[in-house]
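Protein chains in written order, with the working numbering: chain A, 87 to 338; chain B, 1310 to 1574. What follows is one structure encoded as structure tokens, with my remarks underneath.
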């Protein structure tokens, strides 16, 4: 399907639909908004997407990076910050982003997950598609290094994402992101036990420690190895690679 | 009362000494220039300087010579950013390789962070305002936001959907007479009641700048101590400031002129 943008009316209708999901009378997914001229409009560039399914944020981000390449050009770059575009995409993949439970109910969560707030530093990354896309874009040269921020399911980014992406000093620092991946991500796609939570060595603690380092060191000049060597002993248990697959850790 | 502790000796570069301007041309990516005045910070002249431009997950880092010779090494085009809107800057002075004889990572010697640039296209020759005005994707016409990047600096957000000329809006008689006094009140309440800061360790801190403006209003002076024991006095002082502000800006006359068409007698 050709990508469009939701108009103000379309975004408002999307909001009404999302609100209905937590009411006594949930509405069906309003897919008509995607093509109705009253609620959507064509873009200045032709982009196409299909009903691909994505196992993780990583696959979704990669897909968008490939299919929405025009957004990275100077000619159409403004579309990358167009809330209507990302709201349209979120509605297009709604069933995947907000699957119905066994009782048919859906839990859409906050509005920022569906309509991005570019001007709010602590909300923009919560958009379920824009968030992983921006991270993948940042680390497109080596996206595996950012796997800690991309390995979870689309609809449940998880605490590690929240801890890192909410802090621009960390999410933009290749060494910091690579360290998070080295410490917490295991190749079978899960997180190591103990990565979540508030205990010593957890991702939350790592974010706090790195923020302190950011006040002392030129963080961007460090390699991942150099940064790893600075970490206190509380992170020792995560330094060694996992010796056997671990069961899925709940980090959401 | 909030206090800040700096155990590293890192110096804070004042905003007046790190001024960044973003130029938005009709074609091509935005570019920036920076004027740095690092002479008063007692920094080693061979210490490298870097300027980082960032927005959300994007960052570009520009070598900027040394303290003794601060200038860009290459071009300053912000190619990672489709538009210059919302881009912030950070200036870092870093320990030189010769100054670090212990094999440890280079330390920060001085830094200025969360610098909002002047925008040449959208704010040509505009006098600096204490209140930054930005476009926002919001449903209301305007909203006062305290910067979520950590400085809590007040930012006036204007709906890009509802308003075509944000500068015209904030200069309009309606806005000045109806909104500005309340914005002033909100900022003072934030500084004195929420943050509990009557002083700052830097004259460039936005809190100090707003308090200086308040103290200079006719009839005003130094505010009461910013602590719970003086809360009532603080609230009274704030109300007096707002009244003085309204009188200084003649909001009553301005309101009457557009509301009834008659001048206030």
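By construction, the Cβ of each residue, glycine as well, lies at the ideal position given by its N, Cα and C atoms. Owing to the predicted nature of the structure, the values given are computational and were not obtained by experimental measurement.
Chain B has a Cβ within less than 7 Å of the Cβ of residue 307 of chain A. Shown here, residue 87 of chain A sits in coil according to DSSP, grouped into three states, outside any helix or strand. Under the Cβ distance rule, residue 1363 of chain B counts among the residues neighbouring chain A, one pair being separated by less than 7 Å.
According to the DSSP assignment, residue 1367 of chain B belongs to the beta strand (DSSP E) that extends over 1367-1375. Per the coordinates, the alpha-carbon of residue 270 of chain A lies some 21 Å from the alpha-carbon of residue 211 of chain A.
Between the alpha carbons of residue 1479 of chain B and residue 1567 of chain B lies a gap of roughly 15 Å. Pairing residue 1402 of chain B with residue 309 of chain A, the inter-Cα distance amounts to about 19 Å. With respect to residue 1415 of chain B, residue 1404 of chain B sits close: the two C-beta atoms are nearer than 7 Å. When only Cα atoms are considered, residue 1344 of chain B and residue 1541 of chain B end up about 44 Å apart. As computed with DSSP, residue 1415 of chain B is found in no beta bridge at all.
According to the DSSP secondary-structure assignment, residue 1361 of chain B is paired through a beta bridge with B/1370, B/1399. Counting along the chain, the unbroken beta strand (DSSP E) around residue 1330 of chain B starts and ends at 1327-1332. At least 7 Å separates the CB of residue 1384 of chain B from every CB of chain A. By the CB criterion at 7 Å, residue 1445 of chain B and residue 1476 of chain B fall outside the cutoff.
Across the structure, residue 299 of chain A and residue 1556 of chain B are spaced so that their CA atoms are roughly 48 Å apart.
Shown here for residue 322 of chain A: not one same chain residue has a beta carbon closer than 6 Å to its own, the five before and five after excluded. Residue contact with chain A for residue 1391 of chain B: present (Cβ-Cβ distance below 7 Å to some residue of chain A). When the five nearest sequence neighbours on each side are left out, the beta carbons in the same chain lying within less than 6 Å of the beta carbon of residue 1427 of chain B are those of 1330, in order along the chain.
The residues 135, in chain order, have a CB closer than 6 Å to that of residue 153 of chain A in the same chain once the five nearest residues on each side in sequence are set aside. Our two residues, residue 240 of chain A and residue 319 of chain A, have alpha carbons roughly 33 Å apart in a direct line. Closest in C-alpha terms to residue 146 of chain A, from the list A/186, A/89, A/237, comes A/237. Chain A places a beta carbon closer than 7 Å to that of residue 1366 of chain B, counting this residue as a contact. For residue 284 of chain A, the three-state secondary structure derived from DSSP is coil. Using a Cβ-Cβ cut-off of 7 Å, residue 258 of chain A counts as an interface residue toward chain B, since at least one Cβ of chain B sits closer than that to its own. The Cβ atoms of residue 125 of chain A and residue 93 of chain A lie closer than 7 Å to each other. Positions of the alpha helix (DSSP H) runs, each at least 4 residues long and wholly inside the region 175-244 of chain A, are given as 180-183, 216-224 in order along the chain. Taking 7 Å as the threshold, the shortest C-beta distance from residue 1421 of chain B to chain A does not fall below it. Neighbourhood of residue 164 of chain A in chain B, by CB distance below 8 Å: 1391, 1392, in chain order. Of all C-beta pairs linking the region 268-285 of chain A to the region 243-254 of chain A, three or more are shorter than 8 Å, placing the two stretches in contact.
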